[in-house]
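Numbered by the working numbering, the letters in the sequence shown go through residues 991 to 1221 in order.
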Amino acid sequence: MSDADERPQAAIINWLTESKRPQEYYEAIKEKFAEERDLRLKYRPEGTSQYTSDLDGEFARYEIDPYGGEITPREPINDTVECLFIGGGFSALLTSARLREYGVESIRIVERGADVGGTWYWNRYPGAACDVVAYDYLPLLDETGYVPLRAWAGYYEHNTLDQNGIVGRHPALDNLIVANGFSGHGIQQSPAVGRAVAELIVHGAYRSLDLTPLGVARILANAPLRELNVV
Ligand SMILES: Cc1cc2nc3c(=O)[nH]c(=O)nc-3n(C[C@H](O)[C@H](O)[C@H](O)COP(=O)(O)OP(=O)(O)OC[C@H]3O[C@@H](n4cnc5c(N)ncnc54)[C@H](O)[C@@H]3O)c2cc1C
């Protein structure tokens, strides 16, 4: 069987990305997105300086897991797995799901919260409305057969270099693969990221989608790959 036969989704991606209109059409759309992005970023004049990762003082409460209850001390788990995920957000969940499809069973997710979900474990906004209908793109719904009753929305944090995710092997540690730094589109991107990282682990290279531009190298080189679709 040819490589293409094994991966029908690659044909769909090619079909979707095949250019059917003149390039000017796409450039005009990108320009419009860039205008909207600048408008929104300028709305807060302090820009990216409004963000902090310092959880001291009044922010210390954000380090505490309010949903976990009392922590019962236990012996540390000491084992060896093929794939260890640090953090159980959508990136790890989607990558794990795709790895299972490849037959990788030896997977452990280490999460400092009491359960998985990442951003959506930690942030539960009572009564939050929705900016985009979540079940349009919430990953793995078809596989699980579950349709959420409510959609989500709110504010989002972002990677202050270029508002884009960081995905790929760490240049200094070959068996450390990162998938983080996502901004307001992390859920929508997680199906692609999960598939790509699973391919990187299993095949040693991307196959369906080349995510090299999102790699760590651009961060080290301080070369932003600007996400235009900041909403
Ligand atoms: C209010 C809000 C609205 C959003 N709306 C949308 C939307 O409409 N569409 C969309 O696509 N995206 C949206 N996003 C963004 C999206 O939710 C995130 O980009 C995505 O969930 C990030 O997933 P992740 O797995 O990369 O990281 P995270 O969800 O941040 O998960 C990382 C996990 O790692 C854990 N962790 C970190 N360090 C350690 C450690 N040392 N040891 C153990 N565990 C650790 C953390 O506790 C966390 O659970 C929104 C985000 C927010 C906050």
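Positions of the beta carbon are idealized from the N, C-alpha and C atoms, including for glycine.
Practice problem: Compare the C-beta of Arg1208 against all C-beta atoms of chain B and say whether one is closer than 9 angstroms. | Solution: The structure shown contains no chain B; it holds only a single protein chain.
Quiz prompt | Status (buried if at least 16 other CB within 10 Å, exposed otherwise) for Ala1186 | solution = By one-based count along the sequence shown, residue 1186 stands at place 196. Result: buried.
Quiz item: Using the C-alpha atoms, what's the distance from Gln1153 back to Ile1209?
Solution: As a position in the sequence shown, residue 1209 is number 219, starting the count at 1. As a position in the sequence shown, residue 1153 is number 163, starting the count at 1. The alpha-carbon atoms of Ile1209 and Gln1153 are separated by roughly 12 angstroms.
Quiz prompt | Cβ separation of Ile1191 and Phe1080, assumed to be a contact under 8 angstroms, to the nearest whole Å | solution = Taking the first residue of the sequence shown as position 1, residue 1191 is located at position 201. Taking the first residue of the sequence shown as position 1, residue 1080 is located at position 90. About 17 angstroms; that fails the 8 angstroms criterion.
Quiz item: Just to check, is the beta-carbon of Ile1177 closer than 8 angstroms to a non-hydrogen atom of ligand 1?
Solution: Within the sequence shown, the letter at position 187 stands for residue 1177. At least one heavy atom of ligand 1 is nearer than 8 angstroms to the Cβ of Ile1177, so yes.
Quiz prompt | Euclidean distance between Cα positions of Glu1014 and Glu1189 | solution = One-based indexing of the sequence shown puts residue 1014 at position 24. One-based indexing of the sequence shown puts residue 1189 at position 199. Cα-Cα distance, rounded: 34 angstroms.
Quiz item: How far does the beta strand (DSSP E) with Leu1130 in it reach, from first residue to last?
Solution: Residue mapping note: residue 1130 aligns to position 140 of the sequence shown, counting from 1. First-last for Leu1130: undefined, no H or E at that position.
Exercise. Work out the CA separation of Gly1194 and Ile1061 for me, nearest whole Å.
Key: Within the sequence shown, numbered from 1, the residue matching residue 1061 stands at position 71. Within the sequence shown, numbered from 1, the residue matching residue 1194 stands at position 204. In a straight line, the C-alpha of Ile1061 is about 39 angstroms away from that of Gly1194.
Practice problem: Determine, using beta carbons only, whether Cys1073 and Arg1098 come nearer to each other than 9 angstroms. | Solution: As a working note, residue 1073 is residue 83 in the sequence shown. As a working note, residue 1098 is residue 108 in the sequence shown. Cβ distance < 9 angstroms, so Cys1073 and Arg1098 count as in contact.
Exercise. Kindly indicate which three-state DSSP category Phe1075 falls into: helix, strand or coil?
Key: Here residue 1075 is taken as the residue at index 85 of the sequence shown, counted from 1. Reduced to three states, the DSSP call for Phe1075 is strand.
Quiz item: Glu1101: beta carbon under 8 angstroms from a heavy atom of ligand 1?
Solution: Numbered from 1 along the sequence shown, position 111 holds the residue referred to as residue 1101. Checking the Cβ of Glu1101 against ligand 1 gives yes.
Quiz item: Sorted by chain position, which residues of the same chain lie with C-beta nearer than 7 angstroms to Tyr1052's C-beta, five sequence neighbours on each side aside?
Solution: As a working mapping, residue 1052 is identified with position 62 in the sequence shown. Counting only residues of its own chain and dropping the five nearest sequence neighbours on each side, Tyr1052 has a CB closer than 7 angstroms to the CB of Leu1045.
Quiz prompt | Sequence-distant residues of its chain with Cβ nearer than 7 angstroms to Ala1087 (five each side left out) | solution = As a working mapping, residue 1087 is identified with position 97 in the sequence shown. Cβ neighbours of Ala1087 beyond the five flanking positions: Leu1130, Gly1184.
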